[in-house]
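Novice:
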Amino acid sequence: MVNKKVLSNSFTSKSFYIVKIFFTIFTTVCFTFASGKNNFNKTFGGDKLDRGIYITQTSDGNYIALGYTGSYKSTDEVYLIKIDKEGNELWSKTYGGDKDNDFGWTLLETDDKGFIISGWTGSFGAGGSDVYFIRTDSKGDTLWTKAVGGTKDERVTDIIKTYDGNYVAVGQTESFGAEERDGYLIKINDNGDVIWTKTYGDVLLDRTFYVKENNKHELLIAGITKNNSNGGEDVLIIKTDENGNTVWQKNFGYELDDVGHDIILTSSNEMIVSGYYQREEGKEYHNPYFIKLSGEGEVIWEKRLTDERDIHVIHTAETGDGNFVAAGYLRDNDKSPWDCFLMKLNKNGEQIWMKTYGEKEVNDLGYTVSKGVDGGFVITGYTYRNENGNGDFWIFKVDNDGNL
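Counting along the sequence shown from 1, when you hit position 15 you're at 448 in my numbering, and nothing is skipped either side.
Next comes the structure, spelled out in structure tokens:
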């Protein structure tokens with residue numbers, strides 16, 4: 434005689450197991466679909482050189498991208514493009530004068546849903562190239578512009594909003610400071626008026642690229658310096674107080690060139706510095722370089738990845754799971770075209786995966802990576818895949834595993 438209770442328990446156990454398997458498969462498929470949702474691959478611009486440099490999410494669930502274009506005038510102009518989450522253009526604007534080239538490099542969304550753009554201009558200012566600030570409304574229409582600098586060349590490559598509602602931009606100057614290029618920090622208010630400026634460096638080359646503010650309102654700056662005892666260029670990290678006064682300055686690197694191009698500030702006020710190092714003397718081949726530092730600049734770990742290719746890390750972004758991604762461009766050798774790449778690394782700087790993007794026999798370069806609105810990552814740069822041989826402003830989105 435069959436024991437109905439045993440049979441019932443057995444059936445229930447098997448049913449539960451089957452349902453559990455189905456649920457696991459279902460959720461995995463749904464997650465995979467969601468992470469790859471709204472992937473796209475788009476180019477923008479005209480029949481001349483157009484370059485994408487920076488991209489970030491907007492508060493309305495779309496993206497804003499910045500760069501410059503040579504397609505619409507005889508000189509380069511700042512080029513601002515807003516796209517939806519599927520990569521479709523919502524609107525675009527250009528800014529600049531007729532005298533010389535004008536470049537957009539980075540931006541922020543403001544509290545009123547407008548934007549503050551920073552870069553440099555040859556059309557306005559005191560001479561040479563000057564730092565260029567543009568404030569717009571939410572549709573990209575200009576509210577004000579400002580040029581800051583001296584008679585030589587100044588430019589900025591990053592801007593942040595500070596705790597007091599003002600802005601700090603970082604870059605380099607030839608007009609002020611020591612003999613060669615120096616690091617340059619500018620604080621402005623919401624009207625673009627200069628509150629203060631600071632320079633950093635010695636008689637040899639110093640360049641600063643990115644800045645972050647910690648929860649103590651101190652500023653952390655990443656760049657490069659030739660003022661060292663190692664030879665070549667070193668990674669340069671500067672910590673300042675809220676007024677830009679140096680608290681400490683540290684160099685990192687070896688005998689050949691080491692470049693610090695970006696900096697991530699973690700929730701615990703630790704820093705991850707990213708860039709690249711020269712692999713061999715006399716050859717312009719580079720590989721990824723990552724350093725994790727304490728809030729006081731002490732090395733927690735250092736990773737110098739090795740690869741036969743020439744790899745330049747330009748920008749990094751946190752992934753939300755304790756890891757981070759790095760974007761840039763690479764080539765097989767000095768006769769090969771450049772390809773865009775994205776690599777994911779864990780919290781210890783160990784590579785998880787690396788993907789490349791682009792077409793054969795043409796240059797495809799990545800500059801900035803940002804988290805996608807609905808998962809994955811969005812990257813901007815420029816590609817030479819068009820028929821006229823000039824570069825196009827390039828934006829594409831990949832899933833959480835880097836698949837296009």
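For glycine and all other residues, C-beta sits at the position ideal for the given N, C-alpha and C.
1. Let me know the alpha helix (DSSP H) ranges lying completely inside the region 494-539, each 4 residues or longer, listed in chain order.
2. As a quick exercise: from Cys773, Glu714 and Trp629, pick the residue whose alpha carbon is nearest that of Asn474.
3. How far does the beta strand (DSSP E) with Pro721 in it reach, from first residue to last?
4. Give me the Cα-Cα distance between Ile514 and Asp563, rounded to the nearest whole angstrom.
5. Give me the residue from Tyr528, Ile621, Gly656 and Asp517 with the minimum Cα distance to Asn599.
6. Tell me which residue opens and which closes the beta strand (DSSP E) that Asn833 is part of.
7. Taking Lys777 as part of the beta strand (DSSP E), name the residues at either end of that continuous run.
8. Apart from the five residues just before and just after Glu703, which ones in its own chain have a Cβ nearer than 8 Å to its Cβ?
9. Quick check: the Cα distance between Thr543 and Ser571, rounded to an integer number of angstroms?
10. Should Asn676 go down as buried or exposed, given a rule of 16 or more other Cβ atoms within 10 Å for buried?
11. Thinking just about the alpha-carbon of each residue, which of Thr658, Lys546, Gly530 and Gly547 is nearest to the one in Trp553?
12. What's the call for Ile785, buried or exposed, on a 16-neighbour Cβ count within 10 Å?
13. Taking 7 Å as the threshold (C-beta atoms), are Gly583 and Ala559 in contact?
14. With respect to the beta strand (DSSP E) encompassing Tyr617, which residues constitute its N-terminal and C-terminal limits?
15. Here's the rule I'm using: 16 or more other beta-carbon atoms within 10 Å means buried, otherwise exposed. How should Asp639 be labelled?
16. So what's Ala559 in DSSP terms, helix, strand or just coil?
17. Near Val511, what residues of its chain come up, given a Cβ to Cβ distance below 7 Å and the 5 sequence neighbours on each side ignored?
18. His694 by DSSP, collapsed to three states: which one?
19. Tell me the start and end of each unbroken alpha helix (DSSP H) in the region 610-669 that is at least 4 residues and wholly inside, in chain order.
20. So that I know if they touch, is there some Cβ in chain D lying closer than 7 Å to that of Ile671?
21. Could you check whether Gly824 and Leu482 sit closer than 7 Å to each other, using their CB atoms as the reference points?
22. Give the C-beta separation of Ile628 and Ala602 to the nearest angstrom, bearing in mind that I take them to be a contact with Cβ-Cβ under 8 Å.
23. So, with DSSP's three-state summary, where would you put Ser492?
24. Helix, strand or coil for Asp604 per DSSP?
25. Taking C-alpha atoms, which residue in Glu646, Phe557, Val589 and Asp690 lies nearest to Thr578?
26. Below 7 Å between beta carbons: does that hold for Val668 and Ile654?
27. Are the Cβ atoms of Gly610 and Gly634 separated by less than 7 Å?
28. Can you tell me whether DSSP reads Ser551 as helix, strand or coil?
29. Using only the alpha-carbon positions, how far apart do Asp586 and Thr658 sit?
30. In the DSSP output, what is Val680 paired with across the bridge?
31. To the nearest whole angstrom, what separates the beta carbons of Lys672 and Gly715, a pair I think is in contact under 8 Å?
32. Report all residues from its chain with a CB closer than 8 Å to the CB of Val806; omit the five preceding and five following residues, and keep chain order.
33. Rounding to the nearest angstrom, what Cα-Cα distance links Lys804 and Lys830 in this structure?
34. Please return the same chain residues whose Cβ sits closer than 7 Å to the Cβ of Asn779, not counting the five positions on each side in sequence.
35. Please report how far the alpha carbon of Asp574 lies from the alpha carbon of Leu523, in whole angstroms.
36. Please classify Asp591 as buried or exposed, where buried requires at least 16 other C-beta atoms within 10 Å of its C-beta.
Specialist: Walking through what the data contain:
1. Those alpha helix (DSSP H) runs which fall completely within the region 494-539 and span 4+ residues do not exist here.
2. A check of alpha carbon separations from Asn474 across Cys773, Glu714 and Trp629 identifies Cys773 as the nearest.
3. Annotation for Pro721: the continuous beta strand (DSSP E) segment containing it runs Lys716 to Leu726.
4. Cα to Cα, Ile514 sits roughly 23 Å from Asp563.
5. Comparing Cα positions, the closest option is Ile621.
6. Secondary structure note for Asn833: it is in no beta strand (DSSP E), with a DSSP letter that is neither H nor E.
7. The continuous beta strand (DSSP E) containing Lys777 extends over residues Asp772 to Leu778.
8. These residues qualify, in order along the chain: Lys725, Leu726, Ser727, Gly728 and Ile733.
9. For Thr543 and Ser571, the distance between alpha carbons rounds to 9 Å.
10. Exposed: under 16 other Cβ atoms inside 10 Å.
11. The shortest Cα separation from Trp553 among Thr658, Lys546, Gly530 and Gly547 belongs to Gly530.
12. Its Cβ having fewer than 16 others within 10 Å, Ile785 is exposed.
13. Closer than 7 Å, so yes.
14. It spans Asp615 to Ile621 - the beta strand (DSSP E) in which Tyr617 sits, taken as one unbroken run.
15. Around the C-beta of Asp639, 16 or more other C-beta atoms lie within 10 Å, and the residue is accordingly described as buried.
16. Ala559: coil per DSSP, three-state reduction.
17. Here Val511 has Tyr501, Thr527, Tyr528, Gly529, Asp535, Phe536, Gly537, Ile550, Gly552 and Ile567 as same chain residues with Cβ atoms under 7 Å from its own Cβ, once five neighbours each way along the sequence are excluded.
18. DSSP, read as helix, strand or coil, puts His694 in strand.
19. As far as the region 610-669 is concerned, it has no whole alpha helix (DSSP H) run of at least 4 residues.
20. Of the protein chains in this structure there is only one, and it is not chain D.
21. Yes, Cβ-Cβ distance for Leu482 and Gly824 is below 7 Å.
22. Incorrect: roughly 11 Å between the Cβ atoms, too far for contact.
23. Three-state DSSP puts Ser492 in coil, outside helix and strand.
24. The residue asked about is misnamed: residue 604 is Gly in this sequence, not Asp. Residue state, collapsed to three classes: strand.
25. Considering only alpha carbons, the answer is Phe557.
26. For the 7 Å CB-CB criterion, Val668 and Ile654 do not form a contact.
27. The beta carbons of Gly610 and Gly634 sit closer together than 7 Å.
28. In this structure, Ser551 counts as strand in the three-state DSSP scheme.
29. Rounded to the nearest angstrom, the two C-alpha atoms are 18 Å apart.
30. Answer by DSSP bridge pairing: none, since Val680 is not bridged.
31. The Cβ separation is near 34 Å, so there is no contact.
32. Once the five neighbours on either side are set aside, the close Cβ partners of Val806 are Asn471, Gln490, Gly494, Asn495, Tyr496 and Lys518.
33. Note on geometry: alpha-carbon atoms of Lys804 and Lys830 lie some 9 Å from one another.
34. Here the set comprises Asn756 and Ile785.
35. Computed Cα separation, rounded: 14 Å.
36. With 16 or more other CB atoms across the displayed protein chains lying within 10 angstroms of its CB, Asp591 is buried.
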